[in-house]
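Residue numbers (our numbering): 1 to 429.
Even for Gly, the Cβ is constructed at its ideal location relative to N, Cα and C.
Data first, discussion second: the structure below is written as structure tokens.
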């Protein structure tokens with residue numbers, strides 16, 4: 001039995017037997033003590049070369065009309081003592097209906113277990129909608145098939161290129177994200193800006209360097225939606241997180257790759273949100289670029305202060321499919337049977353924890369997991385290994401709002417996810 005408390009959640013005691021789950025045991029190839037840490041890094045261009053149906057806004061029916069900035073997938077493959085861990089950051093809305101076929105192809109080709117793969121996206125709403133369905137737009141189907149091939153090639157190259165690295169981690173903070181649950185005079189909640197609402201400002205940065213000290217990667221994690229651009233925008237863009245990554249790479253030079261990961265940001269939008277496009281009149285700096293560069297500068301500041309020291313680290317990983325209570329059940333018999341699945345992937349590299357969640361966690365849940373983690377630093381990665389929609393904390397359900405109306409989870413689901421995730425983290429420790 002475990003307990004946790006955070007903000008307005010209060011103190012919760014949860015009996016684990018309330019939650020049934022399907023769980024893969026921690027990956028079976030134990031790393032040797034003090035085995036050298038190795039990593040391979042690959043960056044590929046995944047920008048569509050034809051107009052595509054864009055993702056993120058149901059009301060946007062038009063195809064893309066141009067490219068503001070290019071989209072990338074960045075792969076980091078770690079290895080230590082025979083244990084592997086592959087992290088994929090992609091400038092996409094997410095691997096939703098495409099997750100299982102792409103995951104299965106990756107795992108089959110490289111002998112990976114599901115726990116050894118974090119297939120994630122930055123959740124840009126200005127990229128193509130990945131689809132393998134024949135009833136999708138032909139350009140999107142063609143794009144997604146090409147994407148699958150490119151990812152297989154990139155992961156293969158990253159695994160082949162692993163070499164000795166040193167690793168260090170640092171922490172910064174950024175004001176780019178803002179709580180978006182704006183309360184109205186009548187008590188209702190709309191999507192807007194709530195500057196006093198809960199927001200995770202933490203920017204976590206991992207620095208990877210060659211044994212000679214030359215930096216090769218800056219992995220960073222920050223909680224914000226990639227929605228500075230709205231449904232009227234028809235230009236392809238990686239939005240705030242992707243532009244931040246591009247800025248870091250520009251400043252640090254061509255030998256460095258900067259994979260970006262979206263933290264728990266189900267109720268966090270960029271400070272400027274859902275804009276119609278890139279405003280450049282009279283020297284105006286487009287807000288998407290301004291926010292991306294602001295975040296990127298904080299990543300660079302933190303990155304330059306990190307002194308990588310760890311040249312060996314144990315890798316462990318675990319994958320669980322949680323069976324959680326579903327929303328909108330009325331009869332007791334139905335309530336007992338109604339479940340909604342959520343994939344949770346947990347790993348560690350030395351004393352750094354990683355939690356990948358296949359949904360859009362609201363920020364207080366992510367903060368609770370990070371605060372309760374037995375590791376001093378924990379990357380909380382959403383839009384990772386699946387799609388299960390929004391997961392709000394129980395105390396927000398009476399307020400209503402978009403995240404509450406659209407979730408398929410019952411109010412008690414979030415507490416179970418926090419408890420179960422912390423148990424898996426503790427088991428890996």
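1. Looking at C-beta atoms only, is the number of pairs between the segment 146-156 and the segment 351-363 that lie closer than 8 Å three or more?
2. Hey, would you say residue 235 sits closer than 8 Å to residue 90, going by beta carbons?
3. Per DSSP, what kind of secondary structure is residue 140 in: helix, strand or coil?
4. Give the DSSP-derived three-state secondary structure of residue 306 in the structure shown.
5. Does the contact criterion of 3 or more C-beta pairs under 8 Å hold for the segment 314-323 versus the segment 291-302?
6. Rounded to a whole number of angstroms, what is the C-alpha to C-alpha distance between residue 380 and residue 262?
7. Excluding the five sequence neighbours on either side, which residues of its own chain have a C-beta within less than 6 Å of the C-beta of residue 59, listed in chain order?
8. Between residue 397 and residue 413, what straight-line distance do the alpha-carbon atoms span, to the nearest angstrom?
9. Within 10 angstroms of its Cβ, does residue 279 collect 16 or more other Cβ (buried), or is it exposed?
10. Does DSSP put residue 79 in a helix, in a strand, or in coil?
11. Which of the three DSSP states, helix, strand or coil, is assigned to residue 419?
12. Which partner residues of residue 118 appear in the DSSP bridge assignment?
13. Sorry if obvious, but does the Cβ on residue 75 come closer than 7 Å to a heavy atom of the ligand HEM?
14. Between the Cα of residue 328 and the Cα atoms of 365, 410, 267, which residue gives the shortest distance?
15. Given that a residue counts as buried once 16 or more other Cβ atoms are within 10 Å of its Cβ, and exposed if not, what is residue 270?
16. So, under 8 Å CB-CB, residue 43 and residue 139 are touching, yes? Tell me the CB distance rounded to an integer number of Å.
17. Quick check: residue 355 and residue 346, are their CB atoms within less than 8 Å of each other?
18. Rounding to the nearest angstrom, what Cα-Cα distance links residue 216 and residue 326 in this structure?
19. Can you check DSSP and say which residues form a bridge with residue 312?
20. Classify residue 32: buried if its beta carbon has 16 or more other beta carbons within 10 angstroms, exposed otherwise.
21. What alpha helix (DSSP H) runs, 4 residues minimum, are completely inside the segment 224-304?
22. Given a cut-off of 8 Å, decide if residue 53 and residue 137 are closer than it, judged by their beta-carbon atoms.
23. For my contact list, residue 168 and residue 307 are in at a C-beta cut-off of 8 Å; report their separation, rounded to the angstrom.
24. Output the boundary residues of the beta strand (DSSP E) element that contains residue 113.
25. Are the segment 178-194 and the segment 389-407 in contact at 8 Å, needing three or more beta carbon pairs?
26. With a threshold of 6 Å on Cβ separation, who are the neighbours of residue 29 within its own chain once the five nearest residues in sequence on each side are excluded?
27. Which residues does DSSP pair with residue 377 in a beta bridge?
28. With burial defined as no fewer than 16 other Cβ atoms inside 10 Å of the residue's Cβ, what is the status of residue 221: buried or exposed?
29. Pick from 66, 92, 39, 57: whose alpha carbon is nearest that of residue 382?
30. Cutting at 6 Å between CB atoms, please list the residues of its own chain near residue 252, excluding the five before and the five after it.
Looking at the coordinates:
1. Taking one beta carbon from each stretch, the segment 146-156 and the segment 351-363 have fewer than 3 pairs nearer than 8 Å; the two do not touch.
2. no
3. In the structure shown, residue 140 sits in a helix (DSSP, three-state: H, G or I).
4. coil
5. no
6. 8 Å
7. 231
8. Distance between the alpha carbons of residue 397 and residue 413 is about 12 Å.
9. Classification for residue 279: exposed.
10. strand
11. helix
12. Under the DSSP definition of a beta bridge, residue 118 partners with 87.
13. Questions concerning the ligand HEM fall outside what the structure shown contains, since it holds no ligand whatsoever.
14. 410
15. buried
16. Contact annotation, residue 43 with residue 139: C-beta distance approximately 24 Å; criterion of less than 8 Å not satisfied.
17. yes
18. 44 Å
19. The beta-bridge partner set that DSSP reports for residue 312 consists of 36.
20. Residue placement at residue 32 is flagged as unreliable, the pLDDT there being 43, under the threshold of 50; the coordinate-derived value follows with that caveat. Exposed: under 16 other Cβ atoms inside 10 Å.
21. 239-252
22. In contact: residue 137 and residue 53 (Cβ atoms closer than 8 Å).
23. 6 Å
24. No beta strand (DSSP E) holds residue 113; DSSP gives it neither H nor E.
25. yes
26. Low confidence applies here, because residue 29 scores a pLDDT of 43, under 50, leaving its location unreliable; read the following figure in that light. So the list reads 82, 83, once near-sequence residues are dropped.
27. 352
28. buried
29. 92
30. none
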